[in-house]
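Chains as they are written, first to last, in the numbering used here: chain A, 30 to 246; chain B, 8 to 111.
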Amino acid sequence: MVHLILVVAIIFSAYSAMRAAHLINVTIWLAVTSALTAVLLYLLGAPEVAVIELSVGAGLVTVLFVFAFSITGETTVDEKTLLPRWLVWVLVLAVVLVLGWLILPVRGEPILAIRTGLPMAIEPDFGHMLWQQRGLDVVVQMVLIFAGVMGLLGLLSTSGPGFLSARREKIANTAMEDQPGLDEAESPEGPVIETPDGHHQTVAEAAQMAVPEEVKG
Amino acid sequence: MTSLSPMNITMLGVAGLLGVGLYGLLATRNLIKMVAVLQILVKAAVIALVLAGRVSGRINLSQSLAATVIVADTVVAVIGLALAVRVRQRFGSLDLKDLSNLKG
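Pasting the structure below:
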């Protein structure tokens, strides 16, 4: 009975998160889904994963979502859909019906029969399993977290294309200031930025096109 | 039809969550909401994984796998949200329809 109530509550909160028009409501319903999922995982006998799900799903991810939509400044979601709504319903109902047909005992034994009462396998405890037997997973997790942090820093830092091009321009200006008396015949970079006379306008334009590519290296 | 065991009910819950997530993935056009929908889908996968471990009697193995899935999912959420922020800064919109107008 507890499982039934929990499952219904999880599906309801997930559906509410999916249908909510405001992003803050999406985030809160998602956190509720995560917390209820943690309770269900605990009831299934997985307390360690339940704790991780509760702290990460209901805590960290919620903060991330609030952070994201506070930066973008967009708080509402358009109701329009990518595909026609009837097509989406048909596809989803088809998938759920196939899954239900596999799970439910429609005629006799279901195809994906869940047999309880099997003899419990002898396995090490969670810590030994995670650190000794699944040690590679831990390494992969560390790499993933590192990649995630680096990706986040790379994406959210201010060193975008604008910053780099401004820096290149600054370097070009500095190079020009260091050599103010260069003859334009010796160096085509001469008349690019500082054009003292207007006689070589076409040369200056051509040099202006060429200089940023040369300064890049 | 026999009465449903808690395991069957949980499995039905997994199917329902997958349905909700699939609907959201096909219907939503907002990038941030799409990341939220992916979270729902992964929750269904985590519950199914733990359920499989419980049924087969190898709950600790399934827990360690589920922990890896949760970490990977969180990293996906982080990168997805950061991408959404950059897309909003560059194109001024989070709508997928606006992104499909890109020209090579």
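We put the CB at the ideal spot given by N, CA and C, even for glycine.
Bear in mind that the values here come from a model prediction, so they are computed numbers and not experimental data.
Nonlocal neighbours in the same chain, by C-beta distance under 6 Å from residue i, ignoring five residues either side
i	result
Ala-87 of chain A	Ala-60, Ser-63, Ala-64
Val-117 of chain A	none
Val-55 of chain A	Ala-46, Ala-49
Ile-66 of chain B	Gly-60
Cβ-based neighbour list, residue i, same chain, cut-off 7 Å, excluding 5 preceding and 5 following
i	result
Ile-53 of chain A	Thr-104
Ala-38 of chain A	Leu-65
Val-146 of chain B	One cannot answer for residue 146 of chain B here, as it falls past the ends of chain B, which runs 8 to 111.
Val-53 of chain B	Ala-73, Val-76, Ile-77
Neighbourhood of residue i by C-beta, 8 Å cutoff - its chain only, sequence neighbours within 5 removed
i	result
Arg-61 of chain B	Met-14, Ser-69
Ala-50 of chain A	Thr-105, Val-106, Glu-108
Arg-36 of chain B	Asp-102, Leu-103, Lys-104
Residue i, buried or exposed, once every other Cβ within 10 Å from all chains shown has been counted against 16
i	result
Ser-99 of chain A	exposed
Gln-96 of chain B	exposed
Ile-200 of chain A	exposed
Leu-126 of chain A	exposed
Leu-19 of chain B	buried
Thr-203 of chain A	exposed
Phe-94 of chain A	buried
Glu-206 of chain A	exposed
Asp-105 of chain B	exposed
Ser-42 of chain A	buried
Met-158 of chain A	buried
Gly-23 of chain B	buried
Euclidean distance between Cα positions of residue i and residue j
i	j	result
Val-119 of chain A	Leu-111 of chain A	14 Å
Gly-87 of chain B	Ile-39 of chain B	8 Å
Gly-74 of chain A	Val-68 of chain A	10 Å
Gly-102 of chain A	Ala-89 of chain B	14 Å
Val-82 of chain B	Trp-130 of chain A	34 Å
Gln-162 of chain A	Leu-173 of chain A	19 Å
Val-178 of chain A	Ala-79 of chain A	24 Å
Trp-115 of chain A	Gly-31 of chain B	13 Å
Val-167 of chain A	Trp-160 of chain A	7 Å
Ile-81 of chain A	Leu-184 of chain A	26 Å
Leu-33 of chain A	Val-124 of chain A	21 Å
Leu-181 of chain A	Ala-55 of chain B	30 Å
Ser-12 of chain B	Gly-99 of chain B	50 Å
Glu-77 of chain A	Thr-17 of chain B	19 Å
Alpha helix (DSSP H) segment containing residue i, residue limits
i	result
Ser-42 of chain A	31 to 48
Gln-46 of chain B	38 to 63
Asp-80 of chain B	66 to 98
Leu-59 of chain A	52 to 72
Asp-166 of chain A	164 to 185
Pro-153 of chain A	Element bounds for Pro-153 of chain A: n/a, residue is neither H nor E.
Pro-76 of chain A	76 to 81
Leu-99 of chain A	The identity of residue 99 of chain A in the sequence shown is Ser, whereas the question assumes Leu. Where Ser-99 of chain A is concerned, the enclosing alpha helix (DSSP H) stretches over 90 to 101.
Thr-17 of chain B	13 to 34
Ala-123 of chain A	114 to 132
Lys-104 of chain B	103 to 106
Presumed contact (8 Å Cβ cut-off) between residue i and residue j, rounded CB distance
i	j	result
Ala-73 of chain B	Val-57 of chain B	6 Å
Phe-155 of chain A	Ser-71 of chain B	7 Å
Ala-51 of chain B	Val-21 of chain B	5 Å
Gln-46 of chain B	Ala-91 of chain B	About 14 Å separates the two Cβ atoms, so there is no contact after all.
Leu-122 of chain A	Leu-25 of chain B	Their Cβ separation, rounded to whole angstroms, is 12 Å, which puts Leu-122 of chain A and Leu-25 of chain B out of contact at 8 Å.
Leu-72 of chain A	Val-31 of chain A	7 Å
The ligand NAD heavy atom lying under 7 Å from the CB of residue i
i	result
Val-168 of chain A	In terms of ligand content, the structure shown is empty, and the ligand NAD therefore cannot be addressed.
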